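These notes are about the structure you will find just below.
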Amino acid sequence: MVHYNRGPNSTILEWIEMPITIYGIKNCDTMKKARAWLDSHGVAYSFHDYKTEGIAKDRLKQWSDELGWETLLNRAGTTFRKLPDVDREDLNERKAIALMLAQPSMITRPVLDLGGKLLVGFKPEIYAREVAPSGKSR
7 MVHYNRGPNS
17 TILEWIEMPI
27 TIYGIKNCDT
37 MKKARAWLDS
47 HGVAYSFHDY
57 KTEGIAKDRL
67 KQWSDELGWE
77 TLLNRAGTTF
87 RKLPDVDRED
97 LNERKAIALM
107 LAQPSMITRP
117 VLDLGGKLLV
127 GFKPEIYARE
137 VAPSGKSR
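For what it's worth, my numbering labels the leading residue of the sequence shown as 7, then goes sequentially.
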C-alpha cells in the first residue's frame, strides 16, 4: 500500500492507495502512445476522456494551481490556433481555464494523475522514472 500525506486533517479514505488516472482524448496520437506505454509496462490505470466526460472546473483549477495554467494550455494545438485573436490575447489563468473548460481539447495531453503527483505530456523516460509497473508512483 502507498500512503499519500494529505495533511493533518486527512480521513482514512485519503490514506488508501489511489489509482492512476490518465486524462485526455481517446483518438489523440500522444494519448495512444502514453496508454500503450502504460499497458506494455503493466500499469493499472483508469482513463478519463475529456470529449465524453468533460472536466470539472475545480479539478482544472487545482491542476492550474499545482502546475500553472501555461503548462496545461496547449497553444500549439489546432483548436487553440483556430481561436479568434481576441480569445488568444491577454491570457491569464481565469481566461485560460474558461477556454479549456469550453474546449477540453485545448488541455495539453495527457495529464497523468499518480494520486499525489501530476505528469503532463508524454515522455517515455519520465514515465519510466515516475511510474511503477503496479500502477503506483515512485
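Glycine residues also receive a C-beta, built at the ideal position from the N, C-alpha and C atoms. Here the structure is a predicted model, which is why all the values come from computation and not from measurement.
Item	Value
Pick from G127, T84, E99 and R135 that is closest to K39, judged by C-alpha positions	G127
For G30: DSSP bridge partner residues	D55
Cutoff 8 Å: Y133 Cβ touching any chain D Cβ	The chain labelled as chain D is not found in the depicted structure, where only one protein chain is given.
Beta-bridge pairing of V117 - partner residues as DSSP gives them	Y29 and V126
Residues near D119 in its chain [Cβ-Cβ closer than 6 Å; skip 5 each side]	T27
Per-residue DSSP class, three states only, for E136	helix
Nearest-angstrom Cα separation, counted from E95 out to N33	29 Å
Beta-carbon separation (whole angstroms), T85 vs Q109, contact threshold 8 Å	5 Å
Range of the contiguous alpha helix (DSSP H) that encloses A82	Careful: A82 lies outside any alpha helix (DSSP H) and carries neither H nor E.
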